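Counting in the numbering used here, the sequence shown runs from 477 upward without gaps.
Quick reminder that beta carbons are idealized off the backbone N, C-alpha and C, glycines included.
Please read all numbers here as calculations on a predicted model, not as lab measurements.
Working notes for the structure below.
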Amino acid sequence: MTDIARKVSRFNFFLFLSVFLACTQSSDSRRLETVSMLGAELHSDSGGDSLLTGIETRLSKEPNNLSILIEKGSALEGLKRYREAVEVYTQCLVISPESPELLRRRGQRYISLRKLDNAITDLELAATRHTFVKAENLKYTENLNWAIWYYLALTYYLQADFENALTAFQRSYDYSADNVSLLASVNWIHNCLRRLGRSDEARQVVEPIKEDMGYSGNYYKCILVYNGTKTESETINYDTAKGFEMCTVGYGMANFHLANGDKETALKIFMKIVAEETWQANGFLAAEAELSKIQ
477 MTDIARKVSR FNFFLFLSVF LACTQSSDSR RLETVSMLGA ELHSDSGGDS LLTGIETRLS
537 KEPNNLSILI EKGSALEGLK RYREAVEVYT QCLVISPESP ELLRRRGQRY ISLRKLDNAI
597 TDLELAATRH TFVKAENLKY TENLNWAIWY YLALTYYLQA DFENALTAFQ RSYDYSADNV
657 SLLASVNWIH NCLRRLGRSD EARQVVEPIK EDMGYSGNYY KCILVYNGTK TESETINYDT
717 AKGFEMCTVG YGMANFHLAN GDKETALKIF MKIVAEETWQ ANGFLAAEAE LSKIQ
């Protein structure tokens with residue numbers, strides 16, 4: 477294919493993609509949060525004002541109370557109002573500028589807003605400021621050790637920096653303290669190794685995960701396909717899968733196809749993923765990043 481043909485082909489792909497996204501992601505009265513890596517408008521959820529009103533009432537009496545401010549930030553995150561959440565965490569960092577937890581929170585939401593350079597700045601700084609101590613039986617939502625490395629790794633991955641992503645995901649694995657964090661780290665370590673052409677190592681990483689180990693969740697479903705325990709068709713129905721299942725399992729399968737040289741199948745799945753409304757999902761972000769790099 478000539479250079480001119482490649483450029484025309486790429487232009488036609490993005491023209492189709494922009495029309496496709498416009499048709500599948502309808503505009504409404506919700507707040508515009510950000511623009512995707514593909515140029516699509518991404519909106520917050522509607523509602524939630526009553527919850528925020530109660531928090532604001534308490535903040536009016538204690539405007540510098542970090543616990544209440546963090547509660548507000550979390551509530552905004554739940555509504556996909558990430559711009560406001562970032563503003564709240566920035567306010568928190570004025571009060572407590574050395575806090576690695578606040579840097580992690582803001583960095584994670586910069587990822588949601590597709591501001592990847594900002595995310596890396598915050599998360600790398602969080603990694604230098606946090607004292608990492610291995611914990612046991614700690615829920616992933618409470619595990620700062622794991623979260624800093626996991627979201628930093630995810631940001632590297634979205635930028636196709638698979639070497640740095642692999643190192644950071646391996647560190648997140650070292651600090652995983654529940655099944656959710658362990659399986660999430662294993663999944664992305666596998667994905668990085670596949671993209672780096674290290675297929676034998678990728679298989680070794682997922683080989684120990686078996687059906688009778690009491691695990692569950694979408695990453696677990698992916699891992700059982702990676703290691704040959706399950707087939708793709710047993711694991712996901714692309715005609716009925718929605719939301720986080722489509723984004724998480726779909727991306728895992730698409731990446732598997734892409735690493736094995738089947739770009740056409742991977743592309744079809746990526747397109748299904750970015751037609752979903754679950755634009756905050758890691759798999760959605762990853763599919764979006766892949767499509768933005770199509771040559």
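| Asked | Found |
| --- | --- |
| How is T510 classed by DSSP in three states: helix, strand or coil? | strand |
| Whole angstroms is fine: what's the gap from R671's alpha carbon to D650's? | 21 Å |
| Which same chain residues, not among the five before or five after K615, have their C-beta less than 6 Å away from its C-beta? | D654 |
| Quick one: any contact between the stretch 713-726 and the stretch 757-771, if contact means 3 or more CB pairs under 8 Å? | yes |
| Going by DSSP, name the residue or residues bridged to H519. | L508 |
| Using 8 Å as the cut-off, can you tell me whether the stretch 685-695 makes contact with the stretch 633-652, which would need three or more C-beta pairs spanning the two stretches below that distance? | no |
| When we look at the beta-carbon of T631 and count the other beta-carbons within 10 Å, is it buried (16 or more) or exposed? | buried |
| Could you tell me whether the Cβ atoms of N432 and N731 are closer together than 8 Å? | This structure cannot settle anything about residue 432, because the visible part of the chain is limited to 477 through 771. |
| Taking only three categories from DSSP, how would you classify Q567? | helix |
| Under the assumption that G726 contacts I699 (Cβ atoms under 8 Å), give the Cβ distance between them as a whole number of angstroms. | Going by Cβ atoms, the distance from G726 to I699 rounds to 15 Å, so no, they are not a contact pair. |
| Please report how far the alpha carbon of L542 lies from the alpha carbon of I712, in whole angstroms. | 42 Å |
| Quick check on this structure: which residue in G693, S675, Y627 and A629 has the alpha carbon closest to the alpha carbon of L659? | G693 |
| I need the DSSP call for H606, collapsed to helix, strand or coil. | coil |
| Taking the beta carbon of E764 as the centre, do at least 16 other beta carbons fall within 10 Å, making it buried, or is it exposed? | buried |
| Could you tell me which of L642, S588 and R506 sits nearest to S661, measuring between CA atoms? | L642 |
| Count the other C-beta atoms from every protein chain shown that fall within 10 angstroms of the C-beta of A516, then say buried if there are 16 or more, exposed otherwise. | buried |
| Where do the ends of the alpha helix (DSSP H) carrying E677 lie? | S675 to V682 |
| What is the C-beta distance between K556 and E509, in whole angstroms, given that I count them as a contact (C-beta under 8 Å)? | 6 Å |
| Taking only three categories from DSSP, how would you classify Q756? | coil |
| Considering A717, what are the terminal residues of the alpha helix (DSSP H) in which it resides? | Where A717 is concerned, there is no enclosing alpha helix (DSSP H), given that its DSSP letter is neither H nor E. |
| Might you give, ordered along the chain, the residues of its own chain that have their beta carbon closer than 7 Å to the beta carbon of K748, omitting 5 neighbours on each side? | Y714, M722 and G726 |
| Ignore the nearest five residues each way along the sequence and tell me which others in I544's own chain have a CB closer than 8 Å to its CB. | I531, R534, L535 and E538 |
| Rounded to a whole number of angstroms, what is the C-alpha to C-alpha distance between E677 and L669? | 7 Å |
| Looking only at its chain, what residues have a beta carbon closer than 6 Å to the beta carbon of L579, apart from the 5 residues adjacent to it on each side? | D598, L601 and A602 |
| Can we count D637 as close to the ligand NAP, meaning its CB is less than 7 Å from some heavy atom? | The model depicted lacks the ligand NAP and carries no ligand whatsoever. |
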